[in-house]
Amino acid sequence: MLALACGLLGVAVGSLLTVVVDRVPAKQPVASATLALLRHPGPVARARHTPLLQLLTGGLFTLAALRFGADWALPAYLVFLASMVAVTLIDLEHSIVPNRIVVATLAVSLPLLAAAALLGGTWSSLGTALLGALAGGGSLLAVNLISPRGMGMGDVKLAVVLGLFLGWIDLGHVLLGLFLGFLLGAGGGVVLIALKLRTRRDHVPFAPFLAGGAVLAVLAGNAILDWYL
Numbered sequence: 125m126l127a128l129a130c131g132l133l134g135v136a137v138g139s140l141l142t143v144v145v146d147r148v149p150a151k152q153p154v155a156s157a158t159l160a161l162l163r164h165p166g167p168v169a170r171a172r173h174t175p176l177l178q179l180l181t182g183g184l185f186t187l188a189a190l191r192f193g194a195d196w197a198l199p200a201y202l203v204f205l206a207s208m209v210a211v212t213l214i215d216l217e218h219s220i221v222p223n224r225i226v227v228a229t230l231a232v233s234l235p236l237l238a239a240a241a242l243l244g245g246t247w248s249s250l251g252t253a254l255l256g257a258l259a260g261g262g263s264l265l266a267v268n269l270i271s272p273r274g275m276g277m278g279d280v281k282l283a284v285v286l287g288l289f290l291g292w293i294d295l296g297h298v299l300l301g302l303f304l305g306f307l308l309g310a311g312g313g314v315v316l317i318a319l320k321l322r323t324r325r326d327h328v329p330f331a332p333f334l335a336g337g338a339v340l341a342v343l344a345g346n347a348i349l350d351w352y353l
């Protein structure tokens, strides 16, 4: 029942993410448009991104419910997954990782994780989450300082969010998530060049691969690490 409820919630959230994906890159207000669409949902159903966002968010919310069950941290991870869907689509279309989404995700997630630590008695998880945020952001900041053209500051800021949620599980998941992100990025770049959709000189958005690696580590990291070890 929980997985079904989260899946339906994900479909609804995916519909609302249409507003975020369309308006955040244009630096337009989101809250008022979201309220308007809640009152009159017709335009959402006709938006070009809506089916994809509904499918992705609904599927990820269902998998998160199966992964975490009735864990107090589940609401925070639902926020995380919705954020990753929005960031991925925006970076693919506009080659930016909006600060508004990164900051909003942290502003909502930190209190939710703190509440989960309080209610579940898992203060150690909150501690490793904060360490993971520092490790994730610091690692990509080092890459940015070495090669600014290869790693944007948007990706660095996104890594703080990824490290927070991967660190909540454990610090090994931070390493795994970043490794998977770079692995997906390398493979994706090769495929794009092979298909002649990009050349070696073209910029390839990296945030979708970082987000994909982190989501994969969150949902299946234990199985991957067990297989590897």
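Count the sequence shown with my numbering and you get residues 125 to 353, in order. No residue lacks a Cβ here, since even glycine has one placed at the ideal position from N, Cα and C. Here the structure is a predicted model, which is why all the values come from computation and not from measurement.
Across the segment 265–272 and the segment 218–228, are there enough close Cβ pairs to call them in contact, namely three or more that are closer than 8 Å?
no
Option in Met277, Ala200, Ile348 with minimal Cα separation from phenylalanine 303:
Ile348
Can you tell me where the alpha helix (DSSP H) with leucine 254 in it begins and where it stops?
247–270
Find the nearest neighbour of proline 332 within the set Leu132, Ala253, Gly305, Ala194, judged by alpha-carbon distance.
Gly305
Can you name, in chain order, every residue of its own chain whose Cβ lies under 7 Å from the Cβ of threonine 158, other than the five neighbours on each side?
Leu140, Val143
Inspect the beta-carbon positions of glycine 278 and valine 221 and report whether they are closer than 8 Å.
yes
For the alpha helix (DSSP H) that histidine 218 lies in, which residues bound it at each end?
198–218
3 or more residues per run - each beta strand (DSSP E) lying fully within the segment 217–241
none
With distances taken between CB atoms, is the gap from leucine 295 to alanine 341 smaller than 8 Å?
no
Proximal residues to histidine 173 (C-beta, below 6 Å), its chain only, five neighbours per side dropped:
Thr142, Val145
I'd like to check one pair, alanine 283 with leucine 255: are the Cβ atoms closer than 8 Å?
no
Can you look up arginine 273 in the DSSP assignment and give me helix, strand or coil?
coil
If you draw a straight line from the C-alpha of glutamine 152 to the C-alpha of arginine 163, how long is it?
19 Å
Quick check on histidine 173: does DSSP put it in helix, strand or coil?
coil
Cβ pair leucine 250, alanine 238 closer than 8 Å
yes
Pick from Gln178, Ile293, Ala206, Gly182: whose alpha carbon is nearest that of aspartate 195?
Ile293
In the DSSP assignment, the alpha helix (DSSP H) including proline 332 goes from what residue to what residue?
331–352
I need the boundaries of the alpha helix (DSSP H) containing aspartate 146, first residue and last residue.
126–147
How about alanine 129: is its Cβ closer than 7 Å to a heavy atom in the ligand SAH?
The ligand content of the structure shown is nil, which means the ligand SAH is not present either.
Straight-line gap, proline 329 to alanine 127 (C-alpha atoms, nearest Å):
32 Å
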